[in-house]
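S.K.:
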Amino acid sequence: MPNPLWLVRPRSDGGRDFVSFLPFQSDPGAPMMEIREGSHLPPQLPLLKRRRRLAIAEAMACRQSMLLEAGYHRSEPLF
1 MPNPLWLVRP RSDGGRDFVS FLPFQSDPGA PMMEIREGSH LPPQLPLLKR
51 RRRLAIAEAM ACRQSMLLEA GYHRSEPLF
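With my numbering, letter number 4 in the sequence shown gets 4, and the count goes up by one each step, no holes.
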């Protein structure tokens, strides 16, 4: 099962958009990734905008797309 992964991109207001990829195990035979998308402008609490679960292959394709096309880069967890 893949390790957790965080992607971030800066925003013009000083905040950051983030996407976290977290392992999710609902069925032992079908491991999935939970993808959480949101934004964070310290010192405010993070805002979760979207949450979804995808098969690992789909999640990795989504990750590649965000890295190559949407301006995200890898990061340590924001919070």
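Note that the Cβ used here is the ideal one computed from N, Cα and C, for glycine as well.
1) What residue range is occupied by the uninterrupted beta strand (DSSP E) comprising L48?
2) Nearest CA to the CA of A59: which residue from F24, L41 and Q44?
3) Does DSSP classify L78 as helix, strand or coil?
4) Measure the alpha-carbon distance for A55 versus C62 and round it to whole angstroms.
5) With distances taken Cα to Cα, identify the nearest neighbour of G14 among S26, D27 and S39.
6) Does the separation of the CB atoms of E34 and R53 fall below 7 angstroms?
7) Tell me the residue span of the beta strand (DSSP E) that contains R9.
8) For Q25, which three-state DSSP category applies?
M.R.: Concretely, from the data shown:
1) Per DSSP, the unbroken beta strand (DSSP E) holding L48 starts and ends at L47 to A55.
2) F24
3) coil
4) Near 11 angstroms, if we compare the C-alpha coordinates of C62 and A55.
5) S39
6) yes
7) L5 to P10
8) strand
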